[in-house]
Amino acid sequence: MSREFNKGAMEQCISDGFNSIVLANKKIFHGTATTPKANRKVRADIFVPKLQPGRLLPGVLKHGRLAVLERTRRQAMDRPVQPFLFNWRNLSELENEQMNWDSLPFVKFEVQEQAFDTLAIASRIGLSGVLSMANKSKDLRYHTSVVKGVSQGQEKPIIAFQLSNISGPPRIEKWNRSTNFFVDDGNGKIEMSVDSATVVNHTLHITAIPVSSATLIVDRTRAMRSAKIVVFQEKEKNQHLINSFPTSLRQIPDDSNFKLLLRTTHGGEQLHFDEVPNGPIELKMGGINLTDPQRLYVHTVAHSTQPIIIGHSPPGVGKTSMVVVAAHVSARDYEVDGIHIATAMSNAAATALVEAFMKIEDRGQAVRVISHQNYQAINPDLRTPLDFPVLWIVEFRNYIFEVDATISRDAISDMTYAVIQHLKNAGKLEEGELKAWPLKTAFRKQHKPTMEIEDAFMRIFRPRVVFGTVASITESLNRGMLSFYAECVNTVQIDEASQVPTYALIALGVQCPTARFALIGDVKQLRPFADVDLPDDLRQFAVGDLLGAASSKVRPIDIELVRRCPYEITMLVSDLFYGGRLRAFKPPRARNDFAAFLGFPSQYPIQIVDTGNFSRQKSSGKSLLNPEEAEVALALIRRLARQRDVPKIGALSFYKAQTGHLAKEIGRLPAFVGTIDASQGQEYDVNIILTTRTSSFSSKVREAQKKEDGPESMESDFIEDFRRINVAITRTKELCILLIDIYSAVKSGVWRDVLNQIPGCACSKAADVLRRLEAEH
0 MSREFNKGAM EQCISDGFNS IVLANKKIFH GTATTPKANR KVRADIFVPK LQPGRLLPGV
60 LKHGRLAVLE RTRRQAMDRP VQPFLFNWRN LSELENEQMN WDSLPFVKFE VQEQAFDTLA
120 IASRIGLSGV LSMANKSKDL RYHTSVVKGV SQGQEKPIIA FQLSNISGPP RIEKWNRSTN
180 FFVDDGNGKI EMSVDSATVV NHTLHITAIP VSSATLIVDR TRAMRSAKIV VFQEKEKNQH
240 LINSFPTSLR QIPDDSNFKL LLRTTHGGEQ LHFDEVPNGP IELKMGGINL TDPQRLYVHT
300 VAHSTQPIII GHSPPGVGKT SMVVVAAHVS ARDYEVDGIH IATAMSNAAA TALVEAFMKI
360 EDRGQAVRVI SHQNYQAINP DLRTPLDFPV LWIVEFRNYI FEVDATISRD AISDMTYAVI
420 QHLKNAGKLE EGELKAWPLK TAFRKQHKPT MEIEDAFMRI FRPRVVFGTV ASITESLNRG
480 MLSFYAECVN TVQIDEASQV PTYALIALGV QCPTARFALI GDVKQLRPFA DVDLPDDLRQ
540 FAVGDLLGAA SSKVRPIDIE LVRRCPYEIT MLVSDLFYGG RLRAFKPPRA RNDFAAFLGF
600 PSQYPIQIVD TGNFSRQKSS GKSLLNPEEA EVALALIRRL ARQRDVPKIG ALSFYKAQTG
660 HLAKEIGRLP AFVGTIDASQ GQEYDVNIIL TTRTSSFSSK VREAQKKEDG PESMESDFIE
720 DFRRINVAIT RTKELCILLI DIYSAVKSGV WRDVLNQIPG CACSKAADVL RRLEAEH
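Number 447 in numbering that gives the first Met the number 0 belongs to position 448 of the sequence shown; there are no gaps in the numbering.
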């Protein structure tokens, strides 16, 4: 599938089954009937290079890599050789019909098989496109550097180094914040993540943190000061996602709930909603009181046969508690062997589900599916006692000590032997802990267990509720711990469903097609991420708007009582984004201690800090940063950190470069620093929003002025997207502080509407705020 990303001599293509862009020379099509056009679909032969210029050969020994790279710097190329297309062929008439994605498949085709075939093809090519986009901006050259310094961040050490080449610094857009890469210090490679990147005097200055939180990795990173290092990126190892993606949906029964969901969201029939009795729910959960709509949702999930359920959940309505209660009640009241899955796109959201579930008294058996590698990589704050890498050890030890207390002289079972060996191999059991002679004998043996850890765990623990990210659950159902139990899955609840792309739903749904599906989320919040270079028709089919499409065909259960936000913020977003439907749990005009502590002139829960004539944006690749705005945010965070009970603080930016700049400066101050997109599903006592831009917020005005002042290759309405604005404001539990250039912002209609809702008494000048905070410090 061709796609014109640039105007050069090469055509860039997305190819089914490939996780990288494929190139073709436009000249070979001159005068032919197959001249490529943007979004044209064809068959082709593709040459895949096995070697890359500027990459080290496998035979180069580890200790010699640095010397080889330093001697070849002048000859090294910084452009990778992409797979190359050398022959086009027209599609058949049937293929052309299947790959013409100008309308929804169940509107276009009367025969369901044709519609499902089209959906499968589009989603698979779309997944190839999504994965190719993830690899398109990789810097595949090897670089040498020296670690200039090591400092301690909030949780992990931060290293600082510089990159420069004969032709100039590497392109900063290839080293954006959160870009993963590897550092080899001669003792093996460590995966790192960019914390910040800036160009100074033709040199790229980078700070980075290790991806893993493992003690060995953290200690090695701390010891890197002055070390000579090799720095390099690798392509995302995501090919297995394509390899395991279905090539057809014909093997799935047409009457399955999963296929019904696909029909419903892609032009199919309206689905009838069966009313269920909405009585009280017996539950002990730390004082949580479900509203009538929340109880209706729980009863519909647990006590009905409704195949598809939609829960409309604006921010802060208590959807996480609602989801785990539904999973708990389903497991308690449903079939004995049924499994109930609660999943979300991010580890943070999955952690929130587990933590809410653990508040339920008399809860049943539950586990969070997460690999050992991911468990080591995630922030320690996101780990839970139900995570498989720790839970299997606990349950295996419980099992073996129970056997030890009751065993006779009979031979032990294969299960018991496997448990002993797995614990011993992990260093989690000593022979001296065992009393029974048969168990001691089994401990001394060296035979490989006949049962894998996951299989033994499922037989011993028999979990009824399973948590995890969509990716982890899909992988587990496909070839992991849940692979032999897919038919036992009764319900699948997908939290933050507005962010779930169609290809992820298909990859999950084919593993458990008979399950009933519940989608919980907010159509007024962010949709699934899609690279701006992904063709529009692929974006529509492979990424889509799952929750929005389902909500138009299935009557949703509307949850409208907002518990998180102050009354005034709830009413603001209700009026602007929800047609006035939301209700506030908190009372109006409540005292705001944080606003008083920071010295703001009023206690309104949204405070505007006007950065006009105070700060100025700077370009950083395709992003923006604003050092003066960041300094105001830092001053606010420093002041808040002086409180006896330090609040949970969020510093959220619209732009990655500003996030990276702030992260570099914040040190060990107690605040989450991230983009607004990364914060969806989170909440903060004090929420500081950095808008960064000092030129017009209106994309139309910027286009007319043709200013080269920012990431104009990004979506034109990036900072004007009401969903992103909604997410930013509604992370707030107590106080929202909006750092914004009012003069530039009001040129945008949506921002003008937001600012008009905030009284003048809640507005301060940035210079005054900074001066007051510095005086108090």
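Even for Gly, the Cβ is constructed at its ideal location relative to N, Cα and C.
- Query: Could you give the residue range of the alpha helix (DSSP H) that holds Gly337?
  - Reply: Indexing the sequence shown from 1 puts residue 337 at position 338. Going by DSSP, Gly337 is part of no alpha helix (DSSP H) at all; its letter is neither H nor E.
- Helix, strand or coil: how does DSSP classify Lys234 here? For the purposes of this step, residue 234 is taken as residue 235 along the sequence shown, with counting starting at 1. Lys234: coil per DSSP, three-state reduction.
- May I have the straight-line CA-CA distance separating Val47 from Val230, to the nearest angstrom? By one-based count along the sequence shown, residue 47 stands at place 48. By one-based count along the sequence shown, residue 230 stands at place 231. Cα-Cα distance, rounded: 25 Å.
- Message: Distance check for Leu571 and Asp592, CA to CA, integer angstroms please.
- Response: By 1-based counting over the sequence shown, the position of residue 592 is 593. By 1-based counting over the sequence shown, the position of residue 571 is 572. Cα to Cα, the separation comes out at about 21 Å.
- Lys585 and Pro565 look like a contact to me (Cβ under 8 Å); what is the Cβ gap, rounded to whole Å? Position 586 of the sequence shown, counting from 1, holds the residue named residue 585. Position 566 of the sequence shown, counting from 1, holds the residue named residue 565. The C-beta distance from Lys585 to Pro565 rounds to 6 Å, short enough to fall under 8 Å.
- 3-residue-minimum beta strand (DSSP E) runs that sit fully inside the region 224 to 306, ordered along the chain: 227 to 231, all fully within the region 224 to 306.
- Can you tell which of Glu773, Ser678, Asp336, Pro314 has the C-alpha that lies nearest to the C-alpha of Leu560? Along the sequence shown, read from residue 1 onward, the residue named residue 560 stands at position 561. Ranking Glu773, Ser678, Asp336, Pro314 by CA distance to the CA of Leu560 puts Pro314 first.
- Message: If I measure Cβ to Cβ from Ser712 and keep anything under 8 Å in the same chain, skipping five residues before and after, which residues do I get?
- Response: Taking the first residue of the sequence shown as 1, we reach residue 712 at position 713. Because the pLDDT at Ser712 is just 40, under 50, the model does not fix this residue reliably, and the point stays unresolved.
- Message: Taking contact to mean 3 or more Cβ pairs, one atom from each stretch, closer than 8 Å, check whether the region 522 to 540 and the region 126 to 146 are in contact.
- Response: yes
- Between the C-alpha atoms of Ile605 and Asp752, what's the straight-line distance to the nearest angstrom? Here residue 605 is taken as the residue at index 606 of the sequence shown, counted from 1. Here residue 752 is taken as the residue at index 753 of the sequence shown, counted from 1. The straight-line gap from Cα to Cα measures roughly 14 Å.
- What span of residues does the alpha helix (DSSP H) with Gln492 cover, start to end? For the purposes of this step, residue 492 is taken as the residue at position 493 of the sequence shown. That residue, Gln492, is in no alpha helix (DSSP H); its beta strand (DSSP E) goes 488 to 493.
- Query: Alpha carbon to alpha carbon, how far is Leu581 from Ser573?
  - Reply: Residue 581 sits at position 582 when you count from the first residue of the sequence shown. Residue 573 sits at position 574 when you count from the first residue of the sequence shown. Whole-angstrom Cα-Cα distance: 5 Å.
- Is Leu84 buried or exposed, if buried means 16 or more other CB atoms sit within 10 Å of its CB? What you label residue 84 is simply residue 85 of the sequence shown in a count that begins at 1. It is buried - the Cβ of Leu84 has at least 16 other Cβ atoms within 10 Å.
- Using the DSSP secondary-structure output, state which residues sit across from Cys846 in a beta bridge. This structure does not reach residue 846, given that the chain is present from 0 up to 776, and the question cannot be answered.
- Counting along the chain, where does the alpha helix (DSSP H) carrying Asp752 start and finish? Indexing the sequence shown from 1 puts residue 752 at position 753. Segment 748 to 755, the alpha helix (DSSP H) holding Asp752.
- With burial defined as no fewer than 16 other Cβ atoms inside 10 Å of the residue's Cβ, what is the status of Leu50: buried or exposed? Mapped onto the sequence shown, residue 50 falls at position 51. Exposed, since its Cβ has fewer than 16 Cβ neighbours within 10 Å.
- When burial is assigned at 16 or more other CB atoms within 10 Å of the CB, is Glu495 buried or exposed? On the sequence shown, residue 495 is found 496 positions in, with the first residue counted as 1. That one is buried.
- Query: How many Å lie between Phe272 and Asn256 at the Cα?
  - Reply: Here the question's residue 272 lines up with position 273 in the sequence shown. Here the question's residue 256 lines up with position 257 in the sequence shown. Taking the straight line from one Cα to the other gives about 14 Å.
- Item | Own chain, CB closer than 6 Å to Leu737, minus 5 neighbours either side, in chain order | For the purposes of this step, residue 737 is taken as residue 738 along the sequence shown, with counting starting at 1. Once the five neighbours on either side are set aside, the close Cβ partners of Leu737 are Ile607, Ile688.
- Message: For Met480 and Arg538, what's the separation of their Cα atoms in angstroms?
- Response: To locate residue 480, count along the sequence shown from 1; it is residue 481. To locate residue 538, count along the sequence shown from 1; it is residue 539. Looking at the two C-alpha atoms, the distance is approximately 32 Å.
- Message: Ser652 and Phe696 - do their beta-carbons sit closer together than 7 Å?
- Response: On the sequence shown, residue 696 is found 697 positions in, with the first residue counted as 1. On the sequence shown, residue 652 is found 653 positions in, with the first residue counted as 1. For Phe696 and Ser652, no; Cβs fall outside 7 Å.
- Query: Buried or exposed: Thr206, going by 16 or more other Cβ atoms within 10 Å of its Cβ?
  - Reply: Here residue 206 is taken as the residue at index 207 of the sequence shown, counted from 1. With 16 or more Cβ atoms within 10 Å of its Cβ, Thr206 is classed as buried.
- Query: Going by DSSP, what residues sit across from Val672 in a beta bridge?
  - Reply: Along the sequence shown, one-based indexing puts residue 672 at 673. Beta-bridge pairing links Val672 to Ala650.
- Query: Between which two residues does the beta strand (DSSP E) harbouring Ser144 extend?
  - Reply: By 1-based counting over the sequence shown, the position of residue 144 is 145. Element bounds for Ser144: 142 to 145.
- Considering only the beta carbon of each residue, do Val275 and His302 sit closer than 7 Å? In the sequence shown, counting from the first residue as 1, residue 275 sits at position 276. In the sequence shown, counting from the first residue as 1, residue 302 sits at position 303. Cβ atoms of Val275 and His302: closer than 7 Å.
- Please confirm whether Tyr398 and Val368 have their CB atoms less than 7 Å apart. Here residue 398 refers to the residue found at position 399 when the sequence shown is read from its first residue. Here residue 368 refers to the residue found at position 369 when the sequence shown is read from its first residue. No, the Cβ-Cβ distance between Tyr398 and Val368 is not below 7 Å.
- Item | Straight-line gap, Leu754 to Val672 (C-alpha atoms, nearest Å) | Numbered from 1 along the sequence shown, position 755 holds the residue referred to as residue 754. Numbered from 1 along the sequence shown, position 673 holds the residue referred to as residue 672. About 24 Å.
- Query: What whole-angstrom Cβ distance do Gln679 and Gln524 have, given they're in contact under 8 Å?
  - Reply: On the sequence shown, residue 679 is found 680 positions in, with the first residue counted as 1. On the sequence shown, residue 524 is found 525 positions in, with the first residue counted as 1. Contact holds; Cβ gap of about 6 Å.
- Query: If you draw a straight line from the alpha carbon of Val316 to that of Arg730, how long is it in whole angstroms?
  - Reply: For this step, residue 316 is matched to residue 317 along the sequence shown. For this step, residue 730 is matched to residue 731 along the sequence shown. Taking the Cα positions, Val316 is about 12 Å away from Arg730.
- Taking only the alpha-carbon atoms, compute the straight-line gap between Lys764 and Leu56 and give it to the nearest angstrom. Walking along the sequence shown from the start, residue 764 turns up at place 765. Walking along the sequence shown from the start, residue 56 turns up at place 57. Each residue's Cα considered, the two are about 58 Å apart.
- With C-beta atoms as the reference, is Ser312 less than 7 Å away from Asp536? For the purposes of this step, residue 312 is identified with residue 313 of the sequence shown, where counting begins at 1. For the purposes of this step, residue 536 is identified with residue 537 of the sequence shown, where counting begins at 1. Contact: no.
- Gln97 in three-state terms, based on DSSP: Start at 1 with the first residue of the sequence shown, and residue 97 comes out as number 98. Assigned with DSSP and collapsed to three states, Gln97 falls in helix.
- Query: What distance in whole Å lies between the Cβ atoms of Lys439 and Glu430, which are believed to be in contact at a cut-off of 8 Å?
  - Reply: For this step, residue 430 is matched to residue 431 along the sequence shown. For this step, residue 439 is matched to residue 440 along the sequence shown. That pair is a contact at about 6 Å.
- Just curious, the alpha helix (DSSP H) that Tyr416 is in, first and last residue? Working through the sequence shown from its first residue, we reach residue 416 at position 417. Annotation for Tyr416: the continuous alpha helix (DSSP H) segment containing it runs 413 to 424.
- Task: Buried or exposed for Val685, please, with buried defined as at least 16 other CB atoms from any protein chain shown within 10 angstroms of its CB.
- Result: Translated into the one-based positions of the sequence shown, residue 685 becomes position 686. Counting Cβ neighbours within 10 Å, Val685 comes out buried, since at least 16 surround it.
- For Lys188, does the three-state DSSP call read helix, strand or coil? By 1-based counting over the sequence shown, the position of residue 188 is 189. Note: Lys188 maps to strand in three-state DSSP.
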